[in-house]
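Protein chains in written order, with numbering that gives the first Met the number 0: chain H, 0 to 503; chain A, 0 to 358; chain X, 0 to 319.
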Amino acid sequence: MPASAVLSATGIVKTFPGARALDGVDFELRRGEVHALLGENGAGKSTLIKCLTGAYRRDGGRVELDGAPIDPRDPLDAQKLGIGTVYQEVNLLPNLSVAENLYLGRQPRRFGFVAPREMNRRARALLSAYEMDIDVTAALSSYSVAVQQVIAIARAVDLSGKVLILDEPTASLDAQEVRMLFRIVRDLQARGLGIVFITHFFEQVYAISNRITVLRNGRLVGTRETESLPRKDLVTMMLGHELHAAEQAGETKAESSGPVRYAFHGLGKAGRVKPFDLEIRQGEVVGMAGLLGSGRTETAELLFGVETADSGTAECEGRRLSLSSPRAAIAQGFGFCPEDRKVDGIIGDLSVRENIALALQARRGWMRPLSRKEQDALADRYIKALDIRTTDREKPIRLLSGGNQQKAILARWLATNPDFLILDEPTRGIDVGAHAEIIRLIESLCAQGMSLLVISSELDELVAYSSRVIVLRDREHVAELVGGDVSTENIVEAIAGQERRRAS
Amino acid sequence: MSGAKALGRRLLPQCVALAAILILIWFNFPGFFAIEMQNGRLYGSLIDVMNRGAPVALLAVGMTLVIATRGIDLSVGAVMAICGAVAAASSVRGDPLAVTLVMSLGIGLLCGLWNGVLVAILNIQPIVATLVLMVAGRGIAQLITEGAILTFNDPGLIFIGSGSLFGLPMPVVLWLVFGIAVALIIRRTALGLLIEATGVNRRAATLSGIQAPAFLIMAYVLSGLCAALAGLIVTADIRGADANNAGLWLELDAILAVVVGGNSLLGGRFSIIASLIGAMIIQAVNTGILLSGFPPEFNLIIKAAIIVLILLIQSPRLSHLAAFVRPAGPAAPAQGKSVAGGASAGDARDIKKLERTAS
Amino acid sequence: MMLKTALASATVLAACLFGSAHAADMTVGFSQIGSESGWRAAETTLTKQQAEKRGIDLKFADAQQKQENQIKAVRSFIAQGVDAILIAPVVATGWDEVLTEAKDAKIPVILLDRTVDAPKDLYMTAVTSDLVHEGNVAGKWLVDTVAGKPCNVVELQGTTGSSPAIDRKKGFEQALKGHDNLKIVRSQTGDFTRTKGKEVMESFLKAEGGGKNICALYAHNDDMAVGAIQAIKEAGLKPGKDILVVSIDAVPDIFQAMAAGEANATVELTPNMAGPAFDALAAYKKDGTMPPKWIQTESKLYTQKDDPKAVYEQKKGLGY
Chain H
0 MPASAVLSAT GIVKTFPGAR ALDGVDFELR RGEVHALLGE NGAGKSTLIK
50 CLTGAYRRDG GRVELDGAPI DPRDPLDAQK LGIGTVYQEV NLLPNLSVAE
100 NLYLGRQPRR FGFVAPREMN RRARALLSAY EMDIDVTAAL SSYSVAVQQV
150 IAIARAVDLS GKVLILDEPT ASLDAQEVRM LFRIVRDLQA RGLGIVFITH
200 FFEQVYAISN RITVLRNGRL VGTRETESLP RKDLVTMMLG HELHAAEQAG
250 ETKAESSGPV RYAFHGLGKA GRVKPFDLEI RQGEVVGMAG LLGSGRTETA
300 ELLFGVETAD SGTAECEGRR LSLSSPRAAI AQGFGFCPED RKVDGIIGDL
350 SVRENIALAL QARRGWMRPL SRKEQDALAD RYIKALDIRT TDREKPIRLL
400 SGGNQQKAIL ARWLATNPDF LILDEPTRGI DVGAHAEIIR LIESLCAQGM
450 SLLVISSELD ELVAYSSRVI VLRDREHVAE LVGGDVSTEN IVEAIAGQER
500 RRAS
Chain A
0 MSGAKALGRR LLPQCVALAA ILILIWFNFP GFFAIEMQNG RLYGSLIDVM
50 NRGAPVALLA VGMTLVIATR GIDLSVGAVM AICGAVAAAS SVRGDPLAVT
100 LVMSLGIGLL CGLWNGVLVA ILNIQPIVAT LVLMVAGRGI AQLITEGAIL
150 TFNDPGLIFI GSGSLFGLPM PVVLWLVFGI AVALIIRRTA LGLLIEATGV
200 NRRAATLSGI QAPAFLIMAY VLSGLCAALA GLIVTADIRG ADANNAGLWL
250 ELDAILAVVV GGNSLLGGRF SIIASLIGAM IIQAVNTGIL LSGFPPEFNL
300 IIKAAIIVLI LLIQSPRLSH LAAFVRPAGP AAPAQGKSVA GGASAGDARD
350 IKKLERTAS
Chain X
0 MMLKTALASA TVLAACLFGS AHAADMTVGF SQIGSESGWR AAETTLTKQQ
50 AEKRGIDLKF ADAQQKQENQ IKAVRSFIAQ GVDAILIAPV VATGWDEVLT
100 EAKDAKIPVI LLDRTVDAPK DLYMTAVTSD LVHEGNVAGK WLVDTVAGKP
150 CNVVELQGTT GSSPAIDRKK GFEQALKGHD NLKIVRSQTG DFTRTKGKEV
200 MESFLKAEGG GKNICALYAH NDDMAVGAIQ AIKEAGLKPG KDILVVSIDA
250 VPDIFQAMAA GEANATVELT PNMAGPAFDA LAAYKKDGTM PPKWIQTESK
300 LYTQKDDPKA VYEQKKGLGY
């Protein structure tokens with residue numbers, strides 16, 4: 000073992016009833032490095048992390064911290080040993096203050112009582128090391144997810160101080176927030192911490208990590224220096240095969256020539272999104288780009304009737320449409336895959352079958368039920384067509400991985416045979432394999448003549464499949480890139496236009 | 000897996016609990032299963048259980064649907080009192096039976112509509128919304144009866160409480176027919192799926208095109224109707240409307256029946272048949288205590304102990320433990336969770352979700 | 000309806016007039032608990048009738064089950080300078096202060112129906128029935144009626160732990176003492192309600208050989224008895240003959256059952272608490288006679304021989 004290793008695991012085995020989740024995995028983390036841990040969903044990343052932090056007891060193998068063997072009983076134990084973890088969904092208490100969250104369970108005391116002033120002072124001092132100057136007495140929930148993330152990191156580092164594990168910390172952050180987080184990660188790296196970084200974003204992997212470890216199907220594929228590992232090789236390591244769609248970035252499509260099917264004029268709602276015009280042709284994918292909070296989701300919600308527009312009109316082939324509710328929009332052949340899959344998309348306790356049949360059933364009304372046979376056929380068809388990975392169609396959908404949940408929600412809409420599908424961040428937080436499949440699906444739906452509006456933060460992706468890209472900024476549609484103008488640089492420029500203005 | 004098999008697996012814990020209780024009573028009171036024909040109707044302790052359990056069984060039907068939508072209806076006891084009072088007052092005034100019944104059931108529907116509108120349209124939390132009628136309802140019933148027990152002699156109305164059909168007491172016929180009819184309608188149409196979807200995730204359901212408010216109101220209206228029927232039965236049973244005591248605390252028994260039936264208070268998956276069995280379990284316990292001859296001071300303790308035991312047996316933790324003991328097989332722990340998971344407080348994630356919806 | 004009520008009231012009044020002294024030109028304040036039961040409503044009606052008959056100016060205040068309302072009412076009576084105050088106390092404690100205020104104002108206070116935990120010199124007297132005595136009267140009737148024959152008794156208790164349930168059980172058991180032919184074989188609570196009375200009676204019948212082993216039913220109130228009578232009928236037995244029925248309270252509906260031969264006896268808990276109170280006040284005003292600290296109302300026994308039909312007609316207008 001090299002002297003610089005802070006944490007090293009060898010031959011880790013973890014078995015669940017009926018499945019071997021980890022099969023002799025080795026992992027080594029050096030002092031002062033950012034080590035990306037990659038793999039498709041189900042590859043064993045989470046299981047490995049849980050074995051390292053004591054959330055699971057490993058069935059075999061050896062873990063050493065600073066050269067001494069350890070066997071943490073639970074995450075608290077691991078924290079005491081020096082291994083801190085921050086999860087994607089911040090596991091702090093939203094209604095307590097920032098300072099209370101930082102010092103929960105170890106508040107500074109005075110005469111046996113909690114000393115709030117002392118606690119707040121220490122909290123401010125602690126956060127100033129992260130260049131965060133915020134009101135530590137305010138409730139945690141009054142800050143953005145990014146700030147909460149930093150607070151969680153500050154607490155974890157303060158408590159443990161040797162190893163920091165970040166489990167998809169950037170999944171719900173926008174670009175600026177990611178930059179802020181990375182600055183902090185680099186700081187901690189300079190302080191000599193070993194940092195494990197789990198993410199789905201390749202950009203971020205290359206931006207911040209020193210080394211990459213890839214797992215596949217519970218086995219170690221390999222550990223590489225980031226600098227000497229081309230992206231293509233990384234994808235190959237992860238998937239075991241070449242990925243097509245994601246590699247086609249840069250190839251632009253000819254402008255769609257189909258007739259205009261939907262025309263929205265002056266649609267808007269005060270406080271959400273300024274009035275905009277939008278035309279969508281048959282068999283066309285319109286991309287929508289912009290920072291978080293730029294009005295992308297708000298636009299989608301207006302189009303789908305989730306929010307009622309207070310100005311403007313909607314027409315389909317010259318016919319006026321009423322978009323007063325999702326139900327009304329669905330009646331016009333609209334479908335909408337929302338951004339927050341868990342909250343707005345899946346019906347967690349219901350089965351995959353029921354989730355797929357739901358929108359079609361809702362449109363038919365309760366008096367005209369789909370028979371069990373029809374539901375089964377529907378579910379089977381889409382499970383096969385979209386390659387939804389589930390042991391059977393009766394499995395509650397909450398037990399599926401994010402990518403498969405997303406595919407099931409897509410299936411829910413495809414079952415209604417929509418003319419117009421709105422996808423809000425369809426590839427966020429899902430693994431690379433599912434990612435590519437969804438992109439292929441978007442392209443094939445488009446080829447079949449469906450109109451699609453796709454909102455995404457992954458600009459390469461947008462460029463790959465969109466014939467036009469609408470760019471939003473500050474709740475306003477600011478640019479429309481067509482045909483040859485659709486490129487990552489142009490989109491970034493359009494998005495950034497505002498910031499330049501702000502700077503001057 | 001076939002529907003019938005799934006249903007059987009779903010109802011298994013409840014059926015086992017009911018059988019165990021009946022056998023326990025039988026040990027204590029050997030004449031328990033004796034049934035004879037008397038005056039053209041079946042007569043025996045088992046019939047008593049079904050007869051006395053009628054109000055809670057009927058309430059449980061409506062309560063199951065309301066709870067499936069992640070709501071709760073605390074007003075059913077008070078609505079029983081109102082509807083009973085209306086029926087008695089109408090009968091005393093000399094209205095024909097049909098008018099009496101229509102008025103009473105109509106008032107029940109109205110009460111349900113009131114709750115439904117408060118919950119679905121005004122977005123008031125169900126426990127608060129239905130508390131309004133729970134508190135005010137008994138007062139309304141007392142206004143109708145003027146504080147006294149309003150007695151009546153209409154044989155038609157009395158028949159609902161103590162008459163018999165096909166040898167079965169009328170209340171038993173009513174809850175069996177009504178309960179099974181509602182269960183069938185729910186499962187033969189898409190109501191069940193749409194209500195479950197609304198209960199699990201109202202926002203996602205709305206985004207899928209489900210008219211969530213309509214289904215919420217429907218659930219509360221049905222609960223009101225069930226309460227009206229139950230109110231008619233208890234009123235007809237004693238030939239008088241007792242505004243102070245009719246349906247008193249029965250909302251809690253109805254909620255308990257739903258929970259004992261393995262339905263989750265957090266909404267979603269539900270089974271009306273399981274709730275009906277739950278109601279029978281509760282009544283069997285009640286009747287068993289009465290037959291046992293224990294001093295009344297022990298009634299509540301015995302009842303509580305038995306119910307804790309039933310809930311323990313259904314708890315998902317316990318079934319997980321059992322899975323360890325059992326030889327490993329292709330058991331479906333996930334399925335088991337949604338089946339028996341109802342009795343427990345649910346897992347932490349669900350609670351967090353609940354809070355998020357509430358805030 | 001009105002006429003009938005008036006007639007009925009007149010009959011009751013005539014009965015009550017007997018022995019009462021004239022107490023004209025008095026103003027009396029009455030703080031009633033509320034109207035939670037038929038009996039309470041009858042008490043209010045009778046108090047008003049009694050006052051009217053004697054020419055007493057009655058100031059009535061309904062407390063709606065709240066002690067603070069009662070205290071407010073008593074204070075306002077004191078401020079108005081009434082000659083006496085009647086209180087039907089909703090709870091037993093917390094009366095010392097307001098009773099002292101009344102005493103300081105030299106206004107005599109009479110408690111109706113229930114007593115309070117306060118020094119006895121703070122009130123003039125309390126008019127209440129004796130719950131133990133009521134049970135005793137019912138028990139004596141049963142002992143006399145069965146006349147030495149063996150008899151298994153089932154008992155429907157009131158709400159577990161309530162004082163009427165405890166005392167009425169105690170009095171009944173006292174009366175049965177020494178009469179080994181009478182045995183209480185089953186005793187269970189019916190919560191003072193008809194529904195529970197019926198349900199529990201059904202289980203008694205099942206548990207005791209279909210009712211063949213039961214000779215008499217003792218119910219702590221008439222409502223439970225009325226429910227139990229239905230259960231007995233539905234079991235194919237004749238209440239009042241196959242199974243004797245004795246209960247307490249004397250509400251109108253039990254007289255209907257007695258008229259039909261389905262109930263045998265009831266012990267009256269008279270709602271006329273005010274009559275004796277007004278009598279005591281009149282005597283005090285006349286020559287300063289202090290009444291005893293406790294005036295026990297009569298626990299009158301009614302049987303089928305007491306023309307139940309007529310009593311029913313008298314009682315039904317009182318608001319039971």
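Yeah, the Cβ is synthetic: ideal placement off N, Cα and C, and Gly gets one too.
Across the structure, N403 (chain H) and T426 (chain H) are spaced so that their CA atoms are roughly 11 Å apart. Using a Cβ-Cβ cut-off of 7 Å, R8 (chain A) is close to nothing in chain H; its nearest Cβ partner there is about 12 Å away. Shown here, N263 (chain X) sits in coil according to DSSP, grouped into three states, outside any helix or strand. Listed by position along chain H, the residues whose Cβ is nearer than 7 Å to that of Q210 (chain A) are R326. Listed along the chain, the chain A residues whose CB falls inside 8 Å of the CB of Y319 (chain X) are A147.
Counting only runs of at least 3 residues, the segment 164–236 of chain H fully encloses the following beta strand (DSSP E) elements, listed from N- to C-terminal order: 193–197, 210–215, 218–224.
Across the set X:I106, X:G33, X:A227, X:D222, the C-alpha of X:A227 shows the shortest separation from the C-alpha of V199 (chain X). Residue state for A20 (chain H) is assigned as strand, using DSSP reduced to three classes.
Three or more beta-carbon pairs separated by less than 8 Å are not found between the segment 369–380 of chain H and the segment 216–224 of chain A, which leaves the two stretches without contact. Annotated as proximal: H264 (chain H) and G311 (chain H), with beta-carbon spacing under 7 Å. Among the CB atoms of chain A, none fall inside 7 Å of the CB of T302 (chain X). Spatial neighbours of K47 (chain X) in its own chain (CB-CB distance under 8 Å, excluding positions within 5 residues in sequence) are listed in chain order as L57, F59.
The three-state reading of DSSP puts K394 (chain H) in coil, since its state is none of H, G, I, E or B. Of all residues in the segment 13–38 of chain A, those with a C-beta nearer than 9 Å to a C-beta of chain X are F28, G30, F31, A33, E35, Q37, N38, reading in chain order. Here F26 (chain A) is exposed: its Cβ has fewer than 16 other Cβ atoms, across all protein chains shown, within 10 Å.
Scanning the segment 119–184 of chain X for uninterrupted beta strand (DSSP E) segments of 3 residues or longer gives 124–127, 150–156, listed from N- to C-terminal end.
Interface residue (Cβ-Cβ distance to chain A less than 7 Å): G157 (chain X) is not classified as such. Taking each of X:P291, X:Q156, X:T124, X:L300 in turn and checking the Cα distance to A224 (chain X), the smallest one comes out for X:Q156. For the set X:A262, X:T92, X:Q69, X:T288, the Cα lying nearest the Cα of I84 (chain X) is the one of X:Q69. Under the three-state reduction of DSSP output, M79 (chain A) falls in the helix class. Neighbours of L357 (chain H) in chain A, taken as residues whose beta carbon is under 9 Å from its own, are L192, L193, A196, A203, A204, S207, G208, I209 in chain order. Counting of Cβ neighbours within 10 angstroms places C225 (chain A) among the buried residues, the total reaching 16 or more. Residue state for W113 (chain A) is assigned as helix, using DSSP reduced to three classes. Residue contact with chain H for R316 (chain A): absent (no Cβ-Cβ distance below 7 Å to any residue of chain H). Within the segment 242–275 of chain X, the residues whose Cβ lies closer than 7 Å to any Cβ of chain A are, in chain order, D252. I150 (chain H) carries a helical assignment under DSSP once its states are collapsed to helix, strand and coil. For V118 (chain A), the CB contacts under 7 Å within the same chain, skipping 5 residues up- and downstream, are G70, P125, A128, L215, Y219 in chain order. With the criterion set as a beta carbon lying under 8 Å from some beta carbon of chain X, the members of the segment 211–235 of chain A are V233, in sequence order. Residue state for F203 (chain X) is assigned as helix, using DSSP reduced to three classes. Within the DSSP secondary-structure output, K58 (chain X) pairs in a beta bridge with X:G28.
Taking 7 Å as the cut-off, the Cβ atoms of I194 (chain A) and T68 (chain A) count as close. A direct Cα-to-Cα measurement between V233 (chain A) and T194 (chain X) gives close to 7 Å. With its beta carbon less than 7 Å from one in chain H, T188 (chain A) belongs to the interface. Remark: C-beta atoms of N243 (chain A) and G235 (chain X) do not approach each other more closely than 7 Å. Among the residues facing chain A, I346 (chain H) is included, as its CB has a counterpart in that chain under 7 Å away. Fewer than three beta-carbon pairs drawn from the segment 147–155 of chain X and the segment 304–319 of chain X are found closer than 8 Å, and the two stretches are therefore not classed as touching.
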